[in-house]
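J.: Next up is a structure, given as structure tokens.
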Amino acid sequence: MTVAYPFTAIVGQDDMKLALSIAAVDPSIGGVLVFGERGTGKSTTIRALAQLLPKIEAVKDCPYNCNPEAPKQALCSRCQSAGALKARKIAIPVVDLPLGATEDRVLGALDIEKAIHNGEKAFQPGLLAAANRGFLYIDEVNLLEDHIVDALLDVAASGVNVVEREGLSVRHPARFVLVGSGNPEEGELRPQLLDRFGLSLDVRTPRDIPTRVEIIKLRDAFDHDPEGFSKRFARKEGALRRKIDAARDIVEGIDVPSEVLEKAAELCLQLGTDGLRGELTLIRSARALAALEGKDAATLQHLRYVALFVLRHRLRRDPMDESSADARVERAIESALA
Amino acid sequence: MLASNALSNPHSPDAESATAWQDAELAAALIAILGHRVGGIRVSAQPGPVRDYWLSLLDSFTANPARRVPSSTPTDRLLGGMDITESMRHGKPILAQGVLAECHQRVVLLSMAERLPKEYAGHWCAALDTGAIHIARDGISHTSPAAITVIALDEGIDEESPPTALIERLGLGINLDDISIRCVGDTQFSRSDITSAQARLAQTTLSDDDITRLAEIAASMGIHSSRTLKFAVDVMKALSLVTGKRASDEEVIHQLIRLVFLPVATQLPTPQAEPEPPEPPQDSNEDSDKPEEQAQQNTEQDHEDLVQAAMAELPEDLLAILLKRASKSRLRQSKAGNAGEFSQDKQRGRPVGVRRGDVKRGHRIDIPATLRCAAPFQSARASWDTSEKLKTSLYIEPSDIRVKRFEQRKSSVMIFAVDASGSSAHQRMSEAKGAIELLLADCYSHRTEVALIAFRGDTAEVLLPPTRSLVRAKRTLAQLPGGGGTPMAAALQATHDLALSVSATGATPSYVLLTDGAANVARDGTKSRSAGTEDALSAAKLLANTQIKGVLVDTAVRPSARARELSSALDATYLPLPNASAHSLNTSIRTLSVA
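Line by line, the protein sequences are chains A and B.
Those letters in the first sequence? Residues 1 to 338, per the numbering used here, in order.
Those letters in the second sequence? Residues 1001 to 1595, per the numbering used here, in order.
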């Protein structure tokens, strides 16, 4: 296993780092989409996240990483029927969905080896099983083939993967944080898929020379000696990991005052976003941000900070309004949170 | 030019050609030293002896000869998948390595890179980015190392170019087309130079100043990608190793600019300050009292020098090249194309792949793919088969069925919206008519349907609904009367409506608007210049939002600001009708449509 570039050694891109941390604190926020020009460190940042995530409790030998503490209906069929569940600590999975993946590996399929040798109809879990309770990362998400997108949309909405193929009939939990990155110049994202992402980001390369030099120097040092470089950042990584871990523990208990709830509703109303998803994500993100900061209640300040991430991809396109989505969200934030 | 650079008389063709070959030779050495670290190189050249010689030179530098991979290599070969025969024999899925993994730590020749389909480019980019291929196909998940070095042979002419995502990941770029075979000769590098440079590479470091300088040059050339900058740092290290010169050496920087930055530059360097006439340096007089300021001045001066150096390095026609490139990328967004969009059809067109499918829905079954899917399950299914039927038959289940996918170009319709108002008609009507006639002939040869909208007085009228009949189109055009106001909003509305009805029938619309942009009739028919313009702009936005591609041909005597404004509201390509023959207009539109 090669060493990935440390998350905390990434220069700039604070929005991206924050959004990913928020998604790690509260997975129900529903994923992060990172769109941006080439060479901005999108993939580097997301791959770096994997090493940073805290460990979770999972049922031993369960291919779906079931949570031993979860209510019975949230478990896979095997863990449901088993008696006492043995737990072990695992790193939160970050699963890569590569381009060119086929449906059988994404969703899972008949285990050929077992089928031929033992004549046994066994299910070989796919990437969605491995990603349960973790992250599913799709680089170049806008280049993903349509039939894979279809399968993903369905599972991401329901949190359950149902496989009906090759004489198998399997359902298993598949709740994951969808993380996608891409370059808008290479293709648009289908609106249905866009809607699945809780937060969306538009990243750019830093333009000032000292920052760019710093990026290159660190990268050069990393290429030169990956292990040693990672050690230099181990303390920082540990601190951030503990922060995220602590935030995960307290996030459910964070108070959201009615003032924040009202403003969130007002923002969504003003922008005419469809459905409640925007509002819900706003509140959850503000709460996760408060938890990251170790506060016990979300404030308007938190709301203001996350509003752009949450809302920019949810606007209806107004044919007569040419101004960018970002400008419209910012205007709405100004007027609602003035 | 002030920038009297170190290069001696770069204008004689032979000297230029010799410099270009030196660069190419150097690039081959750099690729051999750095390999996967710089991703690779884009070699723009038509096939020929110079390119062949360059490739053999590269082979002599590297440990393994380059492996040629055609750009049409499909996903399953690039990534690998299940090895059918082996899997059948062993009764378990066995991986067949893909081409990318087979080329781990090797040089790959991507031939005809300009034809690399976008859907395959992603795999190449993934291997370049991560040095590994991660597959999840055919029941197998596997990660194989694939630290490839890509030599993208770009034979593109005019508008063809390899996918930008790939170009961006290749650190170097050379063009061999202008190199005369006379300049190609023995090399100054040997394999041992390369290996010794490789050995010393890890110990080589660049100072902060050197890195900062590279970052400044990159910024001045409009290069913002950190990836390119990282390549530049690595190339600089290798350059200083093979040339034995320091990284701050001017010649080394020039070489680096030509090889790394110029191929991906998006703008000419803009000097921060007015380039003054070179003064004789007189720094020794007053440096004692203000050392700090002096230092700052020095760095500024340095920076200016560099910008100057960069400018001096740029070929004189760079502006033209950049403009061409800019218009190219523009075209990609809004081209008035004769080739329609792709549509997926169940039966006809170009095969684009295979997917799971249903026999009943009228798809065409891909028999080899279906057999491949069923093959590994045969013995398992035979053992489940309790029906006591012939056990020799094939077991194929509905889930095995694979169908072919096809892609077919949709027919396209070119809508001509012609301004027949007084202002336009007086000026250039006959020229515009001539141009349209020539275009019609072109449309005919591309099997494009045409429609004609004329606008004058207070309305716009569809004179000719979409048709393939050239004769009708010509006759209608000849009879087109002129005179009256310019109801631009109505014209754009009519174009919009017609375009939408065209796309509703499954064809791809595009439009050519010939006008001088002087809208003076509002949507409700009142004559008012300001209301007319305002309505026209809002109608233009409506049309722009449909993403339908268009061209605005400015028929005013001089290119007018109003027509330009309108074309930007339309997001259409702006073309002033040159004071030349209708034929030259036609060629300029034709270059658009062929794109």
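Glycine residues also receive a C-beta, built at the ideal position from the N, C-alpha and C atoms.
Can you find a C-beta in chain B that's less than 8 Å from the C-beta of ASP14 of chain A?
T.: no
J.: According to DSSP, what are the bridge partners of ARG171 of chain A?
T.: A:VAL162
J.: Out of curiosity, what's the CA-to-CA distance linking GLY1483 of chain B and THR1075 of chain B?
T.: Between GLY1483 of chain B and THR1075 of chain B, the C-alpha separation is close to 59 Å.
J.: Does the beta carbon of HIS224 of chain A come closer than 8 Å to any beta carbon on chain D?
T.: Among the protein chains in the structure shown, which are A and B, there is no chain D.
J.: Excluding sequence positions up to five away, which residues of its chain have a Cβ less than 6 Å from the Cβ of ARG1325 of chain B?
T.: Only weak support exists for where ARG1325 of chain B lies, its pLDDT of 39 falling under 50; the value from the coordinates is given anyway. If you ignore the 5 residues before and after ARG1325 of chain B, its C-beta comes within less than 6 Å of no other C-beta in its own chain.
J.: What's the C-alpha gap between ALA91 of chain A and ALA58 of chain A?
T.: 9 Å
J.: For a quick check, are the C-beta atoms of LEU1079 of chain B and HIS1123 of chain B less than 8 Å apart?
T.: Yes, the pair counts as a contact, with Cβ atoms nearer than the cut-off.
J.: Would you mind reading off the limits of the beta strand (DSSP E) that contains MET1414 of chain B?
T.: First-last of the beta strand (DSSP E) with MET1414 of chain B: 1412 to 1419.
J.: Using 8 Å as the limit for Cβ to Cβ distance, is LEU1439 of chain B near chain A?
T.: no
J.: Along the segment 1067 to 1097 of chain B, what residues have a CB closer than 7 Å to any CB found in chain A?
T.: THR1075, LEU1079, GLY1091, LYS1092 and PRO1093
J.: Could you confirm whether any beta carbon from chain B is found closer than 8 Å to the beta carbon of GLY41 of chain A?
T.: yes
J.: For the candidate residues B:PHE1061, B:LEU1543, B:LYS1527 and B:MET1236, whose alpha-carbon lies nearest to that of ARG1456 of chain B?
T.: B:LYS1527
J.: Buried or exposed: which applies to GLY1337 of chain B, given that a residue is buried once 16 or more other Cβ atoms fall within 10 Å of its Cβ?
T.: Low confidence applies here, because GLY1337 of chain B scores a pLDDT of 36, under 50, leaving its location unreliable; read the following figure in that light. GLY1337 of chain B should be labelled buried.
J.: So, helix, strand or coil for ASN142 of chain A, using DSSP?
T.: Three-state result, ASN142 of chain A: helix.
J.: Find the residues of chain B that neighbour PRO191 of chain A, judging by a C-beta separation of less than 8 Å, and give them in chain order.
T.: Ordered by position in chain B, no residue passes the 8 Å Cβ test against PRO191 of chain A, which lies about 15 Å from the chain.
J.: Is the Cβ of ASP154 of chain A closer than 8 Å to any Cβ of chain B?
T.: no
J.: Quick check on the burial criterion: 16 or more other C-beta atoms within 10 angstroms. Buried or exposed for ARG204 of chain A?
T.: Looking at its Cβ environment, which holds fewer than 16 other Cβ atoms inside 10 Å, ARG204 of chain A is exposed.
J.: So which residues of chain A does ASP1129 of chain B contact, with C-beta pairs closer than 7 Å?
T.: SER43
J.: Excluding the 5 residues flanking THR44 of chain A on each side, which residues of the same chain have their C-beta closer than 6 Å to its C-beta?
T.: TYR5
J.: Inspect the beta-carbon positions of VAL25 of chain A and LEU292 of chain A and report whether they are closer than 8 Å.
T.: yes
J.: Are THR1476 of chain B and LEU1464 of chain B closer than 8 Å when you measure CB to CB?
T.: yes
J.: Name the chain B residues whose beta carbon is nearer than 7 Å to that of ASP96 of chain A?
T.: HIS1134
J.: Count the other C-beta atoms from every protein chain shown that fall within 10 angstroms of the C-beta of PRO1466 of chain B, then say buried if there are 16 or more, exposed otherwise.
T.: buried
J.: For chain A, find out if any of its Cβ atoms is closer than 8 Å to the Cβ of SER1226 of chain B; answer yes or no.
T.: By this cut-off, SER1226 of chain B is an interface position.
J.: ALA1145 of chain B bridges to which residues according to DSSP?
T.: Sequence inspection shows Pro at residue 1145 of chain B; the Ala mentioned does not correspond to that position. DSSP lists B:ALA1132 as partners of PRO1145 of chain B.
J.: Do you know offhand how far ASN1298 of chain B's Cα is from ARG277 of chain A's?
T.: In this prediction, ASN1298 of chain B scores a pLDDT of 48, lower than 50, which makes its location untrustworthy; the coordinate-derived value is nonetheless stated afterwards. Answer to the nearest angstrom: the Cα atoms are 57 Å apart.
J.: Could you check if ASP1366 of chain B is buried or exposed, using at least 16 other CB atoms within 10 Å of its CB as the buried criterion?
T.: Buried, by the Cβ-count rule.
J.: Quick one: which chain B residues come within Cβ less than 7 Å of ASP220 of chain A?
T.: VAL1233
J.: In this structure, what does DSSP give as the bridge partners for THR1515 of chain B?
T.: B:ASP1554
J.: Can you tell me which residues form a DSSP beta bridge with ALA1504 of chain B?
T.: Assignment of beta-bridge partners to ALA1504 of chain B by DSSP yields no partner.
J.: Whose C-alpha, out of A:VAL306, A:VAL329 and A:ALA74, is nearest the C-alpha of LEU315 of chain A?
T.: A:VAL329
J.: How close, in whole Å, do the beta carbons of LEU1095 of chain B and ILE1133 of chain B come, if the pair is a contact with beta carbons under 8 Å?
T.: 11 Å between Cβ atoms; not a contact.
J.: Might you give, ordered along the chain, the residues of its own chain that have their beta carbon closer than 7 Å to the beta carbon of VAL1233 of chain B, omitting 5 neighbours on each side?
T.: LEU1206, ILE1211 and LEU1214
J.: Name the DSSP bridge partner or partners of ILE1041 of chain B?
T.: For ILE1041 of chain B, which the question treats as bridged, DSSP gives the partners B:ILE1151 and B:LEU1172.
J.: Kindly identify the DSSP beta-bridge partner or partners of GLN1097 of chain B.
T.: B:GLY1080
J.: How about SER1111 of chain B and PRO1070 of chain B: are their beta carbons less than 8 Å apart?
T.: yes
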